[in-house]
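Heads up, the thing below is written out as structure tokens.
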Amino acid sequence: MNPSIISKSLLIALPLLALSACSSNSDTDSAAMEANKAAMEQAAMEQQAAAESNIETDGIQAIELTEEELMAKRYSDAILEKIIQFDFDTAMIKPEFTSILDAHAEFLVNNPEEKVTIEGHTDEKGTPEYNIALGERRAMSVSVYLENMGVLPSQISVVSYGEEKPLNFGHAEASWSDNRRAELVY
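This is how it looks when you write it as structure tokens:
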């Protein structure tokens, strides 16, 4: 054979041989690439689902906290109002104080471990004996109202101070009006 034909043949064959040795099975590569792509897509979907789940859970918790906060605010606002005023020489609860008592009742019904003492007070008019009795009637009036709203009698205690613990120490109608009250003490 002619050396130049052999060299030309080798020149053509060697690069082809080298190229064929470097190439891989395209079916195997594409299958591996598809498997990797599918695994990556699956992982991405799982991460997105987990993130959405966390967002939904966080949203639910945020809503629950908001409702709990609103309930706590409503209770605290009502419980801050602890004084029920009465007219002269009466133990009848005025209509403007029923919403305060309703909120206290709701708080006590929802928290059966809580207890309240209702203190009855009067102005300085009348005898000490009469004022003690009137203060007790006022405290009992509030107690009966709360019990009618579902509060357990075991959660309530009643005491009368009559004129002994005035809220306002003045000696005029405005002062006396302030002292005609029942106080809810937790």
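In this text, residue positions in the sequence shown follow our numbering: the first is 370, and each later residue adds one. Glycine included, every Cβ here is placed at the ideal spot set by N, Cα and C.
Cα-Cα separation, residue i to residue j
i	j	result
L521	E436	26 Å
D427	H490	The predicted model places D427 with a pLDDT of 49, which falls under 50 and marks its position as unreliable, so this point remains unresolved.
P535	P481	31 Å
R507	Q454	9 Å
L515	M461	14 Å
N500	L470	23 Å
S564	E438	Past the boundaries of the shown model lies residue 564; the chain is included only from 370 to 555, so the question cannot be answered.
E465	T459	15 Å
K442	N479	14 Å
Terminal residues of the beta strand (DSSP E) in which residue i lies
i	result
E552	550-554
S523	Note, S523: premise wrong, no beta strand (DSSP E); not H, not E.
C501	Cys is not the amino acid found at residue 501; the sequence shown has Ile there. Careful: I501 lies outside any beta strand (DSSP E), inside the alpha helix (DSSP H) at 497-517.
Contacts around residue i, its chain only, beta-carbon distance under 7 Å, and the 5 residues preceding and following it disregarded
i	result
I452	R550, E552
T486	S526, V528, V554
G504	G489, H490, T491, S529, Y530, G531
N537	S544, D547, N548
G539	none
CB contact below 8 Å: residue i versus chain D
i	result
E505	No chain D appears in this structure, which consists of one protein chain only.
From the options, residue whose alpha carbon lies closest to that of residue i
i	options	result
E450	A460, T459, T467, L439	T467
E556	K494, R506, Y514	Examination of residue 556 is not possible in this model, given that the chain is present from 370 through 555 alone.
A518	H540, S445, H473	The question names Ala, but residue 518 is Met in the sequence shown. Cα-wise, what sits closest to M518 is H473.
E498	E533, G539, S510	E533
For residue i, the residue or residues it bridges with in DSSP
i	result
S546	Paired residues: none, contrary to the question.
T486	S526, V554
I453	A551
G531	H490
Same chain only: Cβ atoms within 8 Å of residue i, ignoring 5 sequence neighbours per side
i	result
D456	K463, R549
Sequence-distant residues of its chain with Cβ nearer than 6 Å to residue i (five each side left out)
i	result
K484	Q524
S512	I487, I525, V527
Limits of the alpha helix (DSSP H) - the one that residue i falls within
i	result
T467	467-479
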